[in-house]
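Trainee:
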Amino acid sequence: MENNEVKKAYDILADEKFSIDSTVEKIENKKESETEELELASTIYSFLTSYKKTPSSQDKENVRAQLRSSIQQDKRKKTLARWAVAASFLIVMFSVWQVQRTVDTSDFDILVETMQLSQPDTATQLILQDGRQVLIAEEESKILYDAKGENITIDSTQKITQSLENKKPVFNTLVVPYGKRTQITLADGSKVWLNSGSKLVYPATNTGNKREVYIDGEAIFNVAHIDNKPFYVNTKDFKIKVLGTVFNVNAYEDDNNSGTVLAEGKIEISSNNNTLFNNEKRTILPGTRIVYNNNTERFEESQVDVKNYLSWRDGYLILEKEPLETILKKISRYYNVDIELQNATIGKETFSGNLNLRNTAEEVLNIIAETTQIKLNRENNKLIINLN
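Written out as structure tokens, the structure is:
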């Protein structure tokens, strides 16, 4: 009897229209046995959807412990037997669920492997679906895709075509070295401003039921709104879902923390480090900054002045009590210069002000030196920062 109840619960899960929210109204209108089946289905679904990695033996034991805890809250033999059988089903279902999730995402995961490309020293690289690499020498460049994604214009002077006859999703890759910046308009009309030292994998066409990109580095997104076609931004630590908005993403591979700042609209952010009992997801509003802390594996939220995080797009930095070590890293990336901090305590000093990025790296650093306790020296191609 109990096996039949669990089977019915899995039949509920198989329904394409099943969701946790949809069970609330149904439970209120069902008799007791059917209510139990719906509740069981919801619990199993919650476990499965909150987990992204192959479960270890400890994870499986955690599942059993969680189910035993639920059993203790309901002493009836019927409920006890139902949950015991559910535990066995759940452990088996983990493997099936993980295989299905892997199949669903494998195409995009394979494409994201192109992010492992070495960072070019001098030229921005546009890598097309047929393997062609287009080099862009300009310090500031603009790339424009037409609506079909077949015709690409670079800085209004260079035109490139790519064949997109294959019906499968086609992705291109843009690699921007230190010292360069690029603005790209995607086939769907969305605009992305890539900062120095950034890489972007993105769809060349506007086909399919969703739009998905991967960013390593820093970028500002102005996403074109398309009904029923969400836009996803993937990073090393988190994923953002959005329908149409303006926001900044800072997610360099070599930085400890990564985050996003929302300027307009509304976005949903979820951690990539989902575990069985930790599936953190937040919806944020304009003026909010979310940072993913790799030490605590949690999001940290604060209210900020968004223009401070968008200003680099317009050629200047707005800084408010920013640690010098953070500022120097930004300057090093922006200008592609080697900056050495000879005294670690200097990096903890803070600086506030506006820096014009149209100036040279030395001019920018000298402005900082005027209001802090540092001095600047050049040794060959390296800028040395020390106490004054």
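1 is the number of the first residue of the sequence shown in UniProt numbering; add one for each residue after it.
The beta carbon of each residue, even a glycine, is placed where N, CA and C say it ideally should be.
Would you decide whether VAL242 is buried or exposed? Buried here means 16 or more other CB atoms lie within 10 Å of its CB.
Mentor: It counts as buried.
Trainee: Which class does ILE368 belong to by DSSP, given the choice of helix, strand or coil?
Mentor: In this structure, ILE368 counts as helix in the three-state DSSP scheme.
Trainee: Does the structure place the stretch 246-266 close enough to the stretch 282-293 that three or more beta carbon pairs sit under 8 Å?
Mentor: Contact between the stretch 282-293 and the stretch 246-266 is present, because at least three Cβ pairs lie under 8 Å.
Trainee: Check for me: the alpha helix (DSSP H) holding residue 390 runs from which residue to which?
Mentor: Nothing in the structure corresponds to residue 390, since the chain is present only between 1 and 388.
Trainee: Tell me, please, whether the stretch 287-306 touches the stretch 324-338 by the rule of three or more beta-carbon pairs shorter than 8 Å.
Mentor: Judged by Cβ distances under 8 Å, the stretch 287-306 makes no contact with the stretch 324-338, as fewer than three pairs qualify.
Trainee: Rounding to the nearest angstrom, what Cα-Cα distance links ALA134 and ILE127 in this structure?
Mentor: Reading off the sequence shown, one finds Val at residue 134, where the question assumed Ala. Cα-Cα distance, rounded: 6 Å.
Trainee: How many angstroms separate the CA atom of ILE385 from the CA atom of GLU370?
Mentor: So the alpha carbons of these two residues sit roughly 13 Å apart.
Trainee: Please report the distance separating the alpha-carbon of ILE339 from that of GLU363.
Mentor: Roughly 14 Å separates the two Cα atoms.
Trainee: Quick check on GLU218: buried or exposed, where buried means 16 or more other Cβ atoms within 10 Å of its Cβ?
Mentor: By the 10 Å Cβ count, GLU218 comes out buried.
Trainee: Inspect the CB distances between the stretch 183-202 and the stretch 210-225 and report whether three or more fall short of 8 Å.
Mentor: Touching, per the Cβ criterion.
Trainee: Quick check on the DSSP output: the beta strand (DSSP E) that includes LEU310 runs from which residue to which?
Mentor: Counting along the chain, LEU310 falls outside any beta strand (DSSP E), though it belongs to the alpha helix (DSSP H) covering 307-310.
Trainee: What three-state label does DSSP hand PHE94 in the structure shown?
Mentor: Any answer about PHE94 is weak, because its pLDDT of 47 lies below 50 and its placement is not dependable; what the coordinates show is given next. Looking at PHE94 - three-state DSSP - the assignment turns out to be helix.
Trainee: For the beta strand (DSSP E) that contains TYR292, what are its first and last residues?
Mentor: That run of the beta strand (DSSP E) goes 288-293.
Trainee: Measuring only the C-alpha atoms, how far is ILE290 from TYR309?
Mentor: Taking the straight line from one Cα to the other gives about 12 Å.
Trainee: Could you name the residues that DSSP lists as bridge partners for ALA123?
Mentor: None, per the DSSP bridge assignment.
Trainee: Look up THR235 in the DSSP assignment and say whether it is helix, strand or coil.
Mentor: Reduced to three states, the DSSP call for THR235 is coil.
Trainee: From LYS348 to ASP216, what does the alpha carbon distance come to, in whole angstroms?
Mentor: Near 26 Å, if we compare the C-alpha coordinates of ASP216 and LYS348.
Trainee: Buried or exposed for ASN248, please, with buried defined as at least 16 other CB atoms from any protein chain shown within 10 angstroms of its CB.
Mentor: Per the 10 Å Cβ criterion, buried.
Trainee: For the beta strand (DSSP E) containing GLY259, name the first residue and the last one.
Mentor: Residues 258-264.
Trainee: Per the DSSP calculation, THR296 is bridged to which residue(s)?
Mentor: For THR296, which the question treats as bridged, DSSP gives no partner whatsoever.
Trainee: Among ILE269, SER311, TRP312, which one has its Cα closest to the Cα of GLU301?
Mentor: Closest by alpha carbon: ILE269.
Trainee: Between the C-alpha atoms of GLN158 and ALA137, what's the straight-line distance to the nearest angstrom?
Mentor: Cα to Cα, the separation comes out at about 12 Å.
Trainee: Per DSSP, what kind of secondary structure is SER270 in: helix, strand or coil?
Mentor: Note: SER270 maps to strand in three-state DSSP.
Trainee: Less than 8 Å separating the beta-carbons of ASP186 and TYR232?
Mentor: Correcting the residue identity first, residue 186 is Leu in this sequence and not Asp. Against a cut-off of 8 Å, the Cβ pair of TYR232 and LEU186 comes out as no contact.
Trainee: Taking only runs of the beta strand (DSSP E) that begin and end inside the stretch 183-239, which ones reach a length of at least 3 residues, in chain order?
Mentor: Taking only runs of at least 3 residues, the beta strand (DSSP E) segments lying wholly in the stretch 183-239 are 191-194, 198-203, 211-222, 231-234.
Trainee: Please report how far the alpha carbon of ASP314 lies from the alpha carbon of LYS168, in whole angstroms.
Mentor: Answer to the nearest angstrom: the Cα atoms are 37 Å apart.
Trainee: What separation, rounded to the nearest whole angstrom, lies between the Cα atoms of LYS210 and TYR178?
Mentor: Cα-Cα distance, rounded: 31 Å.
Trainee: Going by beta carbon distance, what residues of the same chain come within less than 6 Å of TYR252, once the five residues before and after it are set aside?
Mentor: So the list reads GLY217, once near-sequence residues are dropped.
Trainee: Whole angstroms is fine: what's the gap from ASN151's alpha carbon to GLN342's?
Mentor: Each residue's alpha carbon lies about 49 Å from the other.
Trainee: Enumerate in chain order the residues of its own chain whose CB-to-CB distance from ASP305 is below 6 Å, with the five nearest sequence positions on each side excluded.
Mentor: No residues qualify anywhere along the chain.
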